[in-house]
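See the structure below:
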């Protein structure tokens, strides 16, 4: 059995026990401590922290773009890849006081496929039924085990709860993706899959007086749709706008529901933007979604922003939103990384 070590997080003063064979991030999640994270693969740097005390730490493989060698030498670490081999004190560089102790237990569960349908040429709407109860916050994600491998792939849920036993996912199909090929060619109604979760901190913060701006693209539709559905269920009347970017008109999805949400949520607008409208009879916004947002001339001072989609879009939005008035700490994002895609 692996030896345990004590890890203390500052400045929040929370302590957890961590097995040597478990990453610090995973151990925290299992103990209900919700640390900031994204990909869990050492790609996005959302969990980057600094080791204040102790140095016997080993890392699983990670991207040096997320943790350059010089930063590692200075004492920085990626909690999603770090294994503690002695007691440590770690400074959290990015944390959310509202959420850090609101974590839900990580569970393993079996799901049965209910439907697996195209919503665009490269997006699937996968619906599964749980065999057991699983609690999560709208906007979180699950890891799917890829049958016949030791690999997992992460996908955000589009629904707000599993009260009816069903979970919905919007999944992009990549031609060479490990899970994509499986989902596209093999998964059938009635098949059973293994999932683990919930993970993720892309959840709606309580900030009643603040406007909301959502920016999404591709499968980033799923967690944003979950947040909007949650707002409708809770009767929230915060002013909100959702900018969604796609290439062509046939790349848009859930259009009817989003227009219905405009009726249900009094302050909500849905703004799709096409980067390559081509010959489509399109009268809406054109250009990259972040350019459309920039050209809208909005003053987003005091607003909360939620961004989810492909890394280039997320990076552009993270640069733009503070320029429009959103405080850095009020920009919440999920960046879909390329390692582990599909």
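Residue numbers (the UniProt record's numbering): 1 to 342.
C-beta atoms are modelled at their ideal positions from N, C-alpha and C, and glycine is treated no differently.
Note that this is a predicted model, so its numbers are computed, not measured.
Consult DSSP for residue 295 and reduce its assignment to one of helix, strand or coil.
-> helix
Span separating the alpha-carbon of residue 185 from that of residue 60 | 32 Å
How many whole angstroms separate the CB atoms of residue 230 and residue 204, which I take to be in contact at a CB cut-off of 8 Å?
-> Your pair residue 230 and residue 204 checks out as a contact, with CB atoms roughly 6 Å apart and the cut at 8 Å.
Under 8 Å between the Cβ atoms of residue 158 and residue 169?
-> yes
Residue 94 versus residue 125 - alpha carbon distance | 33 Å
Do you know offhand how far residue 226's Cα is from residue 82's?
-> 31 Å
Can the beta-carbon of residue 220 be found less than 8 Å from the beta-carbon of residue 139?
-> no
With 16 other CB atoms within 10 Å as the buried threshold, where does residue 115 fall?
-> exposed
Segments of 3+ residues assigned as beta strand (DSSP E) that fall wholly inside the segment 98-134 = Segments of the beta strand (DSSP E) lying fully in the segment 98-134: 107-118, 123-130.
Assuming residue 123 and residue 253 make a contact with CB atoms under 8 Å, what is their CB distance in whole Å?
-> Rounded, the Cβ-Cβ distance is 6 Å, consistent with contact.
Counting Cβ pairs, one atom from each stretch, are 3 or more of them under 8 Å apart for the segment 24-39 and the segment 95-109?
-> Look at the beta carbons and you see the segment 24-39 touching the segment 95-109: at least three pairs across the two are nearer than 8 Å.
Per DSSP, which residues does residue 193 bridge with? Please list them.
-> Answer by DSSP bridge pairing, in chain order: 111.
Kindly indicate the opening and closing residues of the beta strand (DSSP E) around residue 49.
-> 48-53
Using 8 Å as the Cβ pair cut-off and three pairs as the minimum, do the segment 311-327 and the segment 284-292 touch?
-> A contact is defined here as three or more CB-CB pairs under 8 Å, and the segment 311-327 meets this definition with respect to the segment 284-292.
Can you tell me which of the three DSSP states residue 19 falls into?
-> strand
Integer Cβ distance of residue 198 from residue 237, believed to fall under 8 Å | Not quite, the Cβ-Cβ distance comes to about 27 Å (not below 8 Å), so this is no contact.
Could you check how far apart the C-beta atoms of residue 15 and residue 6 are, in whole angstroms? I think they sit under 8 Å.
-> 6 Å
Span of the alpha helix (DSSP H) around residue 179 | 178-185
Could you tell me the distance, in whole angstroms, from the CA atom of residue 2 to the CA atom of residue 132?
-> 29 Å
Might you give, ordered along the chain, the residues of its own chain that have their beta carbon closer than 6 Å to the beta carbon of residue 326, omitting 5 neighbours on each side?
-> Excluding residues up to 5 positions away in sequence, 300, 303, 305 lie with their Cβ nearer than 6 Å to the Cβ of residue 326 in the same chain.
Inter-residue Cα distance where the pair is residue 149 and residue 182 | Whole-angstrom Cα-Cα distance: 12 Å.
What does a CB cutoff of less than 6 Å around residue 156 pick up in its chain, not counting 5 residues either side in sequence?
-> 141, 222, 223
Residues near residue 250 by beta carbon distance below 7 Å, same chain, minus five either side = 120, 121
Selection from 118, 241, 263, 107 that minimises the alpha carbon distance to residue 194 = 107
Which of helix, strand or coil DSSP assigns to residue 157 | Three-state result, residue 157: strand.
Mind checking residue 295: buried by the 16 CB within 10 Å criterion, or exposed?
-> Under the 10 Å beta carbon count, residue 295 is surrounded by fewer than 16 other beta carbons and is classified as exposed.
Simplified DSSP state of residue 173, which is helix, strand or coil | Residue 173: coil per DSSP, three-state reduction.
Under a Cβ-count criterion, where at least 16 other Cβ atoms within 10 Å of its own Cβ denotes burial, should residue 339 be classed as buried or exposed?
-> Its pLDDT being 45, under 50, residue 339 is placed unreliably by the model, and the measurement read from it follows with that caveat. So residue 339 ends up on the exposed side.
Find out if the Cβ-Cβ distance for the pair residue 246, residue 284 is shorter than 8 Å.
-> no
Straight-line CA distance for residue 278 to residue 176?
-> Computed Cα separation, rounded: 27 Å.
Check the C-beta distance from residue 40 over to residue 154 and give it rounded, since I have them as a contact under 8 Å.
-> 7 Å
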